[in-house]
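Add 230 to the 1-based position in the sequence shown for UniProt numbering, that's all there is to it. Think of the CB as a built atom: it goes at the ideal place given N, C-alpha and C, for glycine as much as any other residue.
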Amino acid sequence: AQQQLTQAEKMASIGQLAAGVAHEINNPIGYVMSNISSLKEYIDEFKSYFKTVELENKKTTDEVDFLLTDSAAIINSCMGGLERVRTIVKDLKTFSHSGQEQAVRFNLNQCVESALSLMGSEFKYGSYEIELHLIEPFADVLGTKNQIEQVMLNILMNAKQAMPQGGVIRIRSYIDGDKACLAIEDQGCGMDSKVQQRLFDPFFTTKPVGVGTGLGLSISFKIIEAYQGEIQVKSEIGKGSCFTIKLPIPSHQEV
Ligand code: ADP
Ligand code: MG
């Protein structure tokens, strides 16, 4: 138990650091992005201006046109990079806010309910069906509710993104020895062994810029590890994936 608390405290202070860094990065990103979009407007204005004036010869007109088009492309690619930084900062923030809380005993089923209600609007469009098989009463685990809710959220979001056309997400709770377990199963695209090997690496993503940052599972792994738990993955290409969170059930004298 001693070790659990120090790990949890460590997580909380990492969370605070991440929140601070995210905040500091967010401000400059904001003004750099707004300045760049002004530049883009200037370029568009230049372009329309050069269309109206007669330059000395056709060659100069073409050159100016080429330079302006190229500048616009460079600006677009800068914006793309900045968008990426911005989504990374957003992901960091989500997890860091959840880290400033005490570890408590709680029922993992509660996390499922709160994560689903937070996901609410995400499942509104497309035909998603959530199948719940939660055992009641369920054993308590020890951890920060918000953080474990964030882990759930990321797994649910991944499941949804793996099934863009919709499908069934099955959530089961069960007890395996001295562990309380939650399995989240989707019928999505699945993953090959290469992806499965790198899944928990920070910044590993197969999603397009702006959609994925590759932070979700790496942070989820750290959170579950901090409470002596584990995350298991089973997946088959074209069939779907199953993520299982296993957390130790503390004995009574431990809290
Ligand atoms: P992100 O969602 O930002 O890409 P994650 O750390 O959450 O980052 O996931 C890393 C990668 O693992 C994803 O880009 C995807 O390739 C794969 N992945 C995770 N969950 C699933 C899933 N349910 N089905 C298929 N692939 C998944
Ligand atoms: Mg994710």
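Taken in chain order, the complete alpha helix (DSSP H) segments of 4 or more residues contained in the region 345-401 are 375-392. Put simply, the region 329-344 touches the region 366-374. At least three CB pairs are less than 8 Å apart. Per DSSP, the continuous beta strand (DSSP E) segment holding residue 462 begins and ends at 460-466. Distance from residue 454 to residue 474 at the Cβ level is roughly 10 Å; contact not present, criterion being Cβ atoms closer than 8 Å. Taking 9 Å as the cut-off, the Cβ atoms of residue 256 and residue 316 count as close. Spatial neighbours of residue 295 in its own chain (CB-CB distance under 8 Å, excluding positions within 5 residues in sequence) are listed in chain order as 277, 280.
Each residue's CA atom was taken as its position, placing residue 423 and residue 468 some 13 Å apart. Listed in chain order, the beta strand (DSSP E) runs fully inside the region 283-343 are 334-337, counting runs of at least 3 residues. Apart from sequence neighbours up to five positions away, the residues of its chain that approach residue 362 with a beta-carbon distance below 6 Å are 401, ordered along the chain. As a beta-bridge residue in DSSP terms, residue 478 pairs with 409. Ranked by Cα distance from residue 472, the first of 318, 409, 398, 251 is 398. Within its own chain, the residues whose Cβ lies closer than 6 Å to the Cβ of residue 358, once the five positions on either side in sequence are excluded, are 396, listed in chain order.
In terms of Cα proximity to residue 305, the closest of 265, 288, 375 is 265.
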